[in-house]
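For what it's worth, our numbering labels the leading residue of the sequence shown as 53, then goes sequentially. We treat Cβ as the ideally placed atom computed from N, Cα and C, and that holds for glycine. Predicted model only: the values in this text are computed from it and were never measured.
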Amino acid sequence: MLTLHAVSDSMILDKFQLSGRNALVTGSSRGLGAAIALALAQAGANVGCHGKSDAGIGTSKKIRQLGRKSFYAAGDVADANVQSELIETTVAELGSIDILVNNAGTIRRAPAVEYSQEYWNELIAVNLTAVFRLSQLAAQQMLKRGTPGKIVNIASLLSFQGGITVPAYAAAKGGVAQLTKALSNEWASKAINVNAIAPGYMVTDNTTALRNDPVRSRQILERIPAGRWGEPEEIAGAAVFLCSSASDYIHGHILAVDGGWLAR
């Protein structure tokens, strides 16, 4: 005879709550970063927002309307001074940094034989070097306080594949996946979880050229089992999960949110 045991819904849901946690999400003025920042705030976190220009303050305003603390800081994450100032500002404004989401990124397309050194340097600096430096600075704060921390890097399907006419982007995102694993190996025993999300083909500024190309758009959609492009909000659940205590035993994982692309 079966014996049924009740499971408390509140105990399960509490694992996903971020109340009292302080987060920084880079590149959160729009797109994936904005969706992630809002989701973290909806789960209870205070969230510092960042964008390259002063025009991206809207996400921070929405977070404050939810009753959470927030700030907006503008600057190029390729700049070492901006990297350190972002971490310092988060600690000063929110009291600590418990969560870092390295979302800021850029893409430049050109055939490999024509790819400029300028493009290469820019993408490696923004998409890879800044991820390492911000993670390093955030971990220093977390280790100094002796409290658990979460670092989530935004990788890509091109962490696994080479793409077409995006050599620097593919190289940087491949590096993000390996960096995620390397940092997790060092910090897992210190209660810092380092994981990554690999978005599939999402409706963002970075994919505008692909979505506007009827041939490439058709080829991409034919390959996605879900049959459509993903929306930024569909990254939110994965981000909340990896930033919450529900993922405490997950380290060095790259979670694909891709409509089934990699399973095809």
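Figure out for me which residue from the options has the closest Cα to the Cα of residue i.
| i | options | result |
| --- | --- | --- |
| R185 | I287, G282, V153 | V153 |
| A222 | V255, V178, T256, G198 | V178 |
| L331 | S269, A190, A229, A156 | Any property of residue 331 remains undetermined from this structure, which presents the chain solely from 53 to 316. |
| A126 | E145, S80, Q69 | S80 |
| A86 | I302, Y301, L307, E285 | E285 |
| Q135 | G103, G198, D66, G72 | G103 |
| R120 | Q188, G72, P251 | G72 |
| G226 | A250, A240, S241, E238 | A250 |
| A132 | S187, G214, K114 | S187 |
Leaving out five residues before and five after residue i in sequence, what residues of the same chain have Cβ atoms less than 8 Å from its Cβ?
| i | result |
| --- | --- |
| R316 | R275, I276, P277 |
| L262 | Y253, R268, S269, I272 |
| L70 | L92, A95, G96, A97, I151, V292, C295, S296 |
| R280 | L273, G311 |
| T199 | S148, D150, A243 |
| E238 | none |
Measuring only the C-alpha atoms, how far is residue i from residue j?
| i | j | result |
| --- | --- | --- |
| F212 | L54 | 45 Å |
| I287 | L195 | 28 Å |
| G304 | S168 | 32 Å |
| Y171 | A220 | 8 Å |
| D310 | E140 | 34 Å |
| G96 | L146 | 13 Å |
| A243 | D66 | 19 Å |
| G312 | L231 | 24 Å |
| A240 | V183 | 18 Å |
| V143 | A191 | 12 Å |
| L118 | R82 | 18 Å |
| I88 | G215 | 25 Å |
| L209 | D265 | 19 Å |
| N258 | D128 | 17 Å |
| E166 | T260 | 21 Å |
| N173 | E283 | 29 Å |
Check whether the Cβ atoms of residue i and residue j lie closer than 7 Å to each other.
| i | j | result |
| --- | --- | --- |
| V218 | R161 | yes |
| D150 | N245 | no |
| A234 | A207 | no |
| A290 | L307 | yes |
| A107 | V99 | no |
| V292 | A91 | yes |
| F68 | S299 | no |
| I115 | S122 | yes |
Can you find the residues in the same chain that come closer than 6 Å, C-beta to C-beta, to residue i, ignoring five residues on each side of it along the sequence?
| i | result |
| --- | --- |
| L294 | V204, N247 |
| Y124 | C101, I109, S112 |
| S236 | V246, H303, G304 |
| G201 | D150, M194, I244 |
Starting from the C-beta of residue i, find all residues in its chain whose C-beta is less than 7 Å away, skip the five residues before and the five after it, and write them out in chain order.
| i | result |
| --- | --- |
| P163 | T217 |
| R197 | S148 |
| L189 | Q135, S136, I139 |
Quick test of your reading: residue i and residue j, contact by CB under 8 Å. State the CB separation rounded to the nearest angstrom.
| i | j | result |
| --- | --- | --- |
| L180 | A224 | 4 Å |
| L175 | T158 | 6 Å |
How about residue i: is its C-beta nearer than 7 Å to some C-beta of chain B?
| i | result |
| --- | --- |
| L180 | No chain B appears in this structure, which consists of one protein chain only. |
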